[in-house]
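The structure under discussion appears below in the form of structure tokens.
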Amino acid sequence: MADLNGIFDSAVRNSIFQNKEIIQSNYIPEAIPHRDKQIEQIASIMAPVLRGEKCSNLFIYGKTGTGKTLSIQHISTELKKKAKEIGADVRIEYINCKLKKVADTEYRILAALIELLGEQVAETGLPTVQVYNKFLNLIDTKKQIVVIIFDEIDQVVQKIGTDFIYSLIRLNSELSKAQISLIGISNDVTFLDDIDPRVKSSLSEEEIVFPPYNALQLQDILNTRTKMAFKKESIEKGVIEKCAAFAAREHGDARRALDLLRVAGELAEREGKTKVDLSYIDKANQKIERDKILDIVETGTRQFQLILHSIVQLTKRVEKEKVKNKEIDRFYTGDVYNLYQEVCKETRTEPLTQRRVSDIISELDMLGLIRFDVISKGRHGRTREIALVISGNLIDKVEKILKDSLGVD
DNA sequence: AGGTATTCACATGAAACTATTCTCTGAGTTAGG
DNA sequence: TAACTCAGAGAATAGTTTCATGTGAATACCTGT
40 MADLNGIFDS AVRNSIFQNK EIIQSNYIPE AIPHRDKQIE QIASIMAPVL
90 RGEKCSNLFI YGKTGTGKTL SIQHISTELK KKAKEIGADV RIEYINCKLK
140 KVADTEYRIL AALIELLGEQ VAETGLPTVQ VYNKFLNLID TKKQIVVIIF
190 DEIDQVVQKI GTDFIYSLIR LNSELSKAQI SLIGISNDVT FLDDIDPRVK
240 SSLSEEEIVF PPYNALQLQD ILNTRTKMAF KKESIEKGVI EKCAAFAARE
290 HGDARRALDL LRVAGELAER EGKTKVDLSY IDKANQKIER DKILDIVETG
340 TRQFQLILHS IVQLTKRVEK EKVKNKEIDR FYTGDVYNLY QEVCKETRTE
390 PLTQRRVSDI ISELDMLGLI RFDVISKGRH GRTREIALVI SGNLIDKVEK
440 ILKDSLGVD
């Protein structure tokens, strides 16, 4: 019999957290430290809407976890408040293009926008033009300024091209009463480089960059949040510094730093400790990685899993060879495809074409499960040299999940 | 020896196809008056 | 006669196939010494 009582007791005692919400990733703090300059800039760019004028289109860059979304949300709530106060007709709508269900096609973005404006549209089945017109009519009902914020706009453009943005920009000429301003947020700094110059110039009438936080700033952010989120004295010296250093190394991602701290706290709590010490940061880091990978592996499609399985098997094979005659040999796309075909036969699955497998390998790379380099072996052609990123005991776990799910041995 | 041309084994791109999901429409059916 | 049902048409999407083109360097092939 497990000691449930003990578990429950320690949960009730809740020895570490004071207010956990505060370090959860969806928490919106009232103060955003080290971003005053950017916030001021954005605010002054957007301010004209209060006078009923269209504000310049704005483009915001910055890596993940640099406070872009937070800042813009903060500003828009303040702006809305002010607008209400003085009775200006302003609508500010925020759309996150990354959330898959919300918007990753032109159609869905329009649908999401319409929904934000308080109307319904069918999820699919209508011609895009119709949805477009509906959106137009909805906005043009009265004289107003509409500001649309596209978070992670690079995702959309990558998927559906720049035409969409272009037509949104051009929309203004079709509107008789209302006016639209666009705000694009991207974490890909090179995003603007290779898009249609017409779109580029009109989208980025103004540009603001959010630089990554450095370790000191991260420490500061962590400190303020920690004071509210954790009980006094529950964080050992050096923990925050280490957390900040970790995150600073990963391009100054504050969200990541906070996650790290929270998970560390949770781990410590689960073990019934009253203090978070340095070792928990490492453990938390591992756990976050681990959970992410396991989640991807479990939820991947069957074909995905088949290919990953092939790669795992090849990796093991290569490891073995290495031990035997210390030939450091790598494996390539062709190897993966051959083994994959065998596995397909074994599991009675229709194999995909090499073309598709090649794409899936790229996707696995993007997800961070594998890594490859495109190399040329001269006379023996050009291919990708593939290696699994997953290490140690996690491999076994992944292998097991794959085997269970695929029904192979 | 040194320079060029080939050639391999895929990478990378674009377009077209397929299965599925969803709406809308209008004909046919039903139930109630 | 109004309300309901249900099949078919049309649209969008994700996942894939088909066809086409690109590519870096080891190797084969020359060339002149």
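Those letters in the first sequence? Residues 40 to 448, by the working numbering.
A virtual CB, placed ideally from N, CA and C, is assigned to each residue, including glycine.
All of these numbers come straight from a predicted model, not from anything done at the bench.
Only residues of its own chain outside the window of five on either side were considered, and among them Ser110, Ile247 and Phe249 have a CB closer than 7 Å to the CB of Gln77, listed in chain order. For Val315, the beta-bridge partners assigned by DSSP are Ile274. Ala82 sits close to Leu118, with the two beta carbons spaced by under 9 Å. For Thr372, no beta strand (DSSP E) segment is defined; the enclosing uninterrupted segment is the alpha helix (DSSP H) at Thr372 to Thr386. Partner residues in the beta bridge of Gly101, as assigned by DSSP, are Phe249. Under DSSP, Tyr133 takes part in a beta bridge, and its partners are Ile188.
When the alpha-carbon of Asp179 is set against those of Pro166, Ile153, Phe411 and Ile188, the nearest one is in Ile153. Of all C-beta pairs linking the stretch 261 to 268 to the stretch 224 to 231, fewer than three are shorter than 8 Å, placing the two stretches out of contact. Three or more Cβ pairs closer than 8 Å define a contact, and the stretch 311 to 325 falls short of that threshold against the stretch 347 to 356. For Ile440, the closest alpha carbon among the candidates Gly373, Val336, Val413 and Tyr376 is that of Val336.
Judged by beta-carbon spacing, Leu97 lies within the 9 Å limit of Gly223, meaning their Cβ atoms are closer than that value. The C-beta distance from Gly91 to Ala127 rounds to 6 Å, short enough to meet the 8 Å contact threshold. In this structure, Val186 keeps its C-beta atom at 9 Å or more from the C-beta atom of Leu210. Straight across, the Cα-Cα distance linking Asp435 with Lys355 is about 10 Å. It is roughly 26 Å from the alpha-carbon of Lys416 to the alpha-carbon of Leu406. Between Gly277 and Ser318, the alpha-carbon positions lie close to 11 Å from each other.
Taking 9 Å as the cut-off, the beta carbon of Val357 is found closer than this to the beta carbon of Phe370.
As computed with DSSP, Gln393 is found in no beta bridge at all. It is roughly 12 Å from the alpha-carbon of Val168 to the alpha-carbon of Ser206. For Phe285 against Asn324, the beta-carbon gap comes to about 7 Å, under 8 Å, which counts as contact. Within the same chain, Ile55, Phe56, Phe269 and Val315 come within 7 Å of Gly304 by CB-CB distance, once the 5 residues on both sides are set aside. Take the alpha-carbon of Lys384 and the one of Leu177: they are about 55 Å apart. Per DSSP, Leu306 is one residue of the alpha helix (DSSP H) stretching across Ala293 to Arg309. In this model, Ala86 and Tyr146 are separated by some 30 Å (Cα to Cα). Counted as a single uninterrupted DSSP element, the stretch harbouring Phe230 is not any beta strand (DSSP E), since DSSP gives it neither H nor E. Rounded to the nearest whole angstrom, the C-alpha separation of Arg410 and Asn44 is 45 Å. Within the stretch 395 to 425, the complete beta strand (DSSP E) runs of at least 3 residues fall at 409 to 415.
Taking a contact as a CB-CB distance under 8 Å, the pair Gly373 and Thr422 counts as one, their CB atoms being some 6 Å apart.
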